Amino acid sequence: MPERAPKILGTGLVALDLVVSADPDSPVRSWAGGTCGNVLSILAWLGWDAYPIARLNDDAAAARVKADFKRWGVHLDLADCGPAANTPIIVQQIKASSSGGSTHRFSWSCLRCGGWLPSFKPITRHVVDHVVPYIPETSVYFFDRVSRGALDLATRASEGGAVVMFEPSGRGDEKLFKEALGLAHIVKYADQRMADLAASDGSGNLRLEIQTLGSEGLRFRLPRNRRNPGWRTLNAAPAPDVRDSCGSGDWCTAGILSKLASRGVDTLDTASVTSVTTALKFGQELAAWNCAFEGARGGMYAQSQAVAVRPDLFLPAASPAATQHVDNSPAADLVSCPRCDAA
Numbered sequence: 080m081p082e083r084a085p086k087i088l089g090t091g092l093v094a095l096d097l098v099v100s101a102d103p104d105s106p107v108r109s110w111a112g113g114t115c116g117n118v119l120s121i122l123a124w125l126g127w128d129a130y131p132i133a134r135l136n137d138d139a140a141a142a143r144v145k146a147d148f149k150r151w152g153v154h155l156d157l158a159d160c161g162p163a164a165n166t167p168i169i170v171q172q173i174k175a176s177s178s179g180g181s182t183h184r185f186s187w188s189c190l191r192c193g194g195w196l197p198s199f200k201p202i203t204r205h206v207v208d209h210v211v212p213y214i215p216e217t218s219v220y221f222f223d224r225v226s227r228g229a230l231d232l233a234t235r236a237s238e239g240g241a242v243v244m245f246e247p248s249g250r251g252d253e254k255l256f257k258e259a260l261g262l263a264h265i266v267k268y269a270d271q272r273m274a275d276l277a278a279s280d281g282s283g284n285l286r287l288e289i290q291t292l293g294s295e296g297l298r299f300r301l302p303r304n305r306r307n308p309g310w311r312t313l314n315a316a317p318a319p320d321v322r323d324s325c326g327s328g329d330w331c332t333a334g335i336l337s338k339l340a341s342r343g344v345d346t347l348d349t350a351s352v353t354s355v356t357t358a359l360k361f362g363q364e365l366a367a368w369n370c371a372f373e374g375a376r377g378g379m380y381a382q383s384q385a386v387a388v389r390p391d392l393f394l395p396a397a398s399p400a401a402t403q404h405v406d407n408s409p410a411a412d413l414v415s416c417p418r419c420d421a422a
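Heads up, the sequence shown is in the working numbering, so the first residue is 80 and it goes up one at a time.
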């Protein structure tokens, strides 16, 4: 009997990414995105059963997100939990820099009317009963935004033996944020945003705390390691071809989970310092590899070219059906803006 694939449930930012290339002749790419959306899509590509828990409705942006999820084998059973909300849209504009590289910026405003595009809406508590039947045999529960519903699910998943990973982009509600830190087995955050977080205080579930340092690499600590619970530093993996660094943190997260949490918290608890270090280095290598492509997950769409960039990583090539979604329409015409629609 074949071994079952690891399973991840995740909630948080699931959005439509509109990627505007630095090449003016390149069409706009529209992909499922957001931290949660990217991490689950990458793990599905790596062979996991991935279930995003979201509030996608029937708007045009949701249709694109769902189609892209399906392309990679992401399960949509929990993607349209009610109450439905407008799908968040993020415009990523890549521009060539004077140094010969590139820079990117994100926009949350409509390219036609200038109004705000739909923003993130967290899942509500009433989805918990709907999600609970999916928790058995879950290896990882991932979340990047705090809400009562997200934390209730984190508690249930932890009780079921799943690794709970929290990757905050901000603090939000301070009480819920503190509760999230106490529930998580793995916490990962960027020093540019939360240098003073210091998630480990010796209490709670925390097994691994990761602070990313941009081009300087990362540092991590294992609070339950009695011999050495302090910080250890890993230099960044070299990225010889840098076209766009967007999404590299999501690749790092997916790589870590793929090596360290495939069988839930038991895998994490029995991991040696060497195993943890190996998993972190693999995540860093994926992050560096990702820099060779435009967009948060551009390498997944480049088929054989993606594997050729780093054949030593043994990454899966995209199937012929998994071609990237491009649209020759002007970028503004791809945006589903409720304000424009109402007008």
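Beta carbons: idealized from backbone N, C-alpha and C, even for Gly.
Small disclaimer: the values here were computed from a predicted structure and weren't measured.
Within 7 Å, strictly: CB atoms of TRP151 and TRP124: Residue 151 sits at position 72 when you count from the first residue of the sequence shown. Residue 124 sits at position 45 when you count from the first residue of the sequence shown. Contact flag set, yes.
List the residues that DSSP assigns as beta-bridge partners of GLU288. Numbered from 1 along the sequence shown, position 209 holds the residue referred to as residue 288. GLU288 is bridged to VAL266, ARG300.
Quick check: what's the CA-CA separation for ARG376 versus ALA94? In the sequence shown, residue 376 corresponds to position 297, counting from 1. In the sequence shown, residue 94 corresponds to position 15, counting from 1. So the alpha carbons of these two residues sit roughly 13 Å apart.
Local Cβ density within 10 Å of PHE222, reported as buried at 16 or more and exposed below that: The count along the sequence shown starts at 1 and reaches residue 222 at position 143. Its Cβ being crowded by 16 or more others within 10 Å, PHE222 is buried.
Check: ASP156 C-beta below 6 Å from any heavy atom of the ligand SAM: Absent from the structure shown: the ligand SAM. Ligands present: none.
Between LEU313 and ARG303, what straight-line distance do the alpha-carbon atoms span, to the nearest angstrom? Here residue 313 corresponds to residue number 234 of the sequence shown, with the count starting at 1. Here residue 303 corresponds to residue number 224 of the sequence shown, with the count starting at 1. If you draw a straight line from the Cα of LEU313 to the Cα of ARG303, it comes to about 19 Å.
With distances taken Cα to Cα, identify the nearest neighbour of PHE148 among SER109, GLN172, SER186, ASN165. By 1-based counting over the sequence shown, the position of residue 148 is 69. Of the candidates SER109, GLN172, SER186, ASN165, the one whose C-alpha sits nearest the C-alpha of PHE148 is SER109.
Here's the rule I'm using: 16 or more other beta-carbon atoms within 10 Å means buried, otherwise exposed. How should THR349 be labelled? Here residue 349 is taken as the residue at index 270 of the sequence shown, counted from 1. THR349 counts as exposed, since fewer than 16 other beta carbons sit within 10 angstroms of its beta carbon.
In three-state DSSP terms, what is GLY91? For this step, residue 91 is matched to residue 12 along the sequence shown. Note: GLY91 maps to coil in three-state DSSP.
Top-ranked residue by Cα proximity to LEU260, from GLN290, ASN284, ASP96: By one-based count along the sequence shown, residue 260 stands at place 181. For LEU260, the closest alpha carbon among the candidates GLN290, ASN284, ASP96 is that of ASN284.
What's the call for HIS264, buried or exposed, on a 16-neighbour Cβ count within 10 Å? By 1-based counting over the sequence shown, the position of residue 264 is 185. Around the beta carbon of HIS264, 16 or more other beta carbons lie within 10 angstroms, which makes this residue buried.
What are the residues that DSSP puts in a beta bridge with SER188? Mapped onto the sequence shown, residue 188 falls at position 109. DSSP lists TRP195 as partners of SER188.
As assigned by DSSP and simplified to three states, the class of GLY112: Translated into the one-based positions of the sequence shown, residue 112 becomes position 33. Correct three-state label for GLY112: strand.
Can you name the residues that DSSP bridges to SER181? Your numbering for residue 181 matches position 102 in the sequence shown. In the DSSP output, where bridge partners are listed per residue, SER181 has ALA175.
Which class does ASP96 belong to by DSSP, given the choice of helix, strand or coil? Stepping through the sequence shown from its first residue, residue 96 is reached at position 17. When secondary structure is reduced to three states using DSSP, ASP96 falls in the strand class.
Is there a C-beta anywhere in chain D that falls below 7 Å from the one on ALA123? Absent here is chain D; the protein component of the structure consists of one chain.
LEU92 to THR114 span [Cα, whole Å]: Position 13 of the sequence shown, counted from the start, is the residue given in the question as residue 92. Position 35 of the sequence shown, counted from the start, is the residue given in the question as residue 114. Going from the Cα of LEU92 to the Cα of THR114 covers about 6 Å.
If we call anything under 7 Å between Cβ atoms a contact, is THR166 one with ALA140? Position 87 of the sequence shown, counted from the start, is the residue given in the question as residue 166. Position 61 of the sequence shown, counted from the start, is the residue given in the question as residue 140. Here THR166 is near ALA140, since their CB atoms are less than 7 Å apart.
Roughly how many whole angstroms lie between the Cα atoms of THR256 and LEU394? Here the question's residue 256 lines up with position 177 in the sequence shown. Here the question's residue 394 lines up with position 315 in the sequence shown. Residue identity differs from the one stated: residue 256 is Phe in this sequence, not Thr. Distance between the alpha carbons of PHE256 and LEU394: 35 Å.
By Cβ distance below 7 Å, which residues in the same chain neighbour ASN117 in space, the five residues on each side in sequence not counted? For this step, residue 117 is matched to residue 38 along the sequence shown. Answer for ASN117: GLY326, ASP329, ALA375, ARG376, listed in chain order.
Counted within 10 angstroms of its Cβ, other Cβ atoms place GLY309 as buried (16 or more) or exposed: Taking the sequence shown and counting its residues from 1, the one referred to as residue 309 is at position 230. GLY309 is exposed by the Cβ-count criterion.
Below 8 Å, how does it come out for the stretch 155 to 170 and the stretch 96 to 111: are there three or more Cβ pairs, yes or no? Taking 8 Å as the limit for Cβ pairs, the verdict is that the stretch 96 to 111 does touch the stretch 155 to 170.
Pick out whichever of GLY251, LEU347, TYR268 has its Cα sitting closest to the Cα of SER237. Translated into the one-based positions of the sequence shown, residue 237 becomes position 158. Nearest in C-alpha terms to SER237, of all of GLY251, LEU347, TYR268, is LEU347.
Taking the straight line between their C-alpha atoms, what separation do you get for ARG227 and ALA101? To locate residue 227, count along the sequence shown from 1; it is residue 148. To locate residue 101, count along the sequence shown from 1; it is residue 22. Rounded to whole angstroms, ARG227 and ALA101 show a C-alpha spacing of 40 Å.
Coil, strand or helix - ASP128 by DSSP: Reading the sequence shown from its first residue, position 49 is the one you call residue 128. Reduced to three states, the DSSP call for ASP128 is strand.
Rounded to whole angstroms, what's the CA-CA distance from ASN136 to ALA164? Just pull it up for me. Start at 1 with the first residue of the sequence shown, and residue 136 comes out as number 57. Start at 1 with the first residue of the sequence shown, and residue 164 comes out as number 85. Counting only the Cα atoms, ALA164 lies some 6 Å from ASN136.
What did DSSP end up calling LEU336 once you bin it into helix, strand or coil? Reading the sequence shown from its first residue, position 257 is the one you call residue 336. In this structure, LEU336 counts as helix in the three-state DSSP scheme.
For LEU339, tell me which candidate among ASN369, VAL242, HIS154, GLY251 has the shortest Cα-Cα distance. Numbered from its first residue, the sequence shown carries residue 339 at position 260. Taking only the C-alpha atoms, the option nearest LEU339 is VAL242.
For VAL206, tell me which candidate among ARG83, SER337, ASP159 has the shortest Cα-Cα distance. Here residue 206 refers to the residue found at position 127 when the sequence shown is read from its first residue. Restricting attention to ARG83, SER337, ASP159, the CA atom closest to the CA of VAL206 is found in ASP159.
Just how far apart, CA to CA, sit SER294 and PHE185? Position 215 of the sequence shown holds residue 294. Position 106 of the sequence shown holds residue 185. So the alpha carbons of these two residues sit roughly 20 Å apart.
My guess is that LEU336 and LEU157 are in contact by the Cβ rule of under 8 Å, so how many angstroms apart are they, rounded? The sequence position of residue 336 within the sequence shown is 257, counting from 1. The sequence position of residue 157 within the sequence shown is 78, counting from 1. Taking a contact as a CB-CB distance under 8 Å, the pair LEU336 and LEU157 does not count as one, their CB atoms being some 18 Å apart.
Give the straight-line distance between the Cα atoms of LEU88 and LYS174, rounded to the nearest whole angstrom. To locate residue 88, count along the sequence shown from 1; it is residue 9. To locate residue 174, count along the sequence shown from 1; it is residue 95. Distance between the alpha carbons of LEU88 and LYS174 is about 35 Å.
Delimiting residues of the beta strand (DSSP E) encompassing PHE221: Numbered from its first residue, the sequence shown carries residue 221 at position 142. Bounds of the beta strand (DSSP E) holding PHE221 are 219 to 222.
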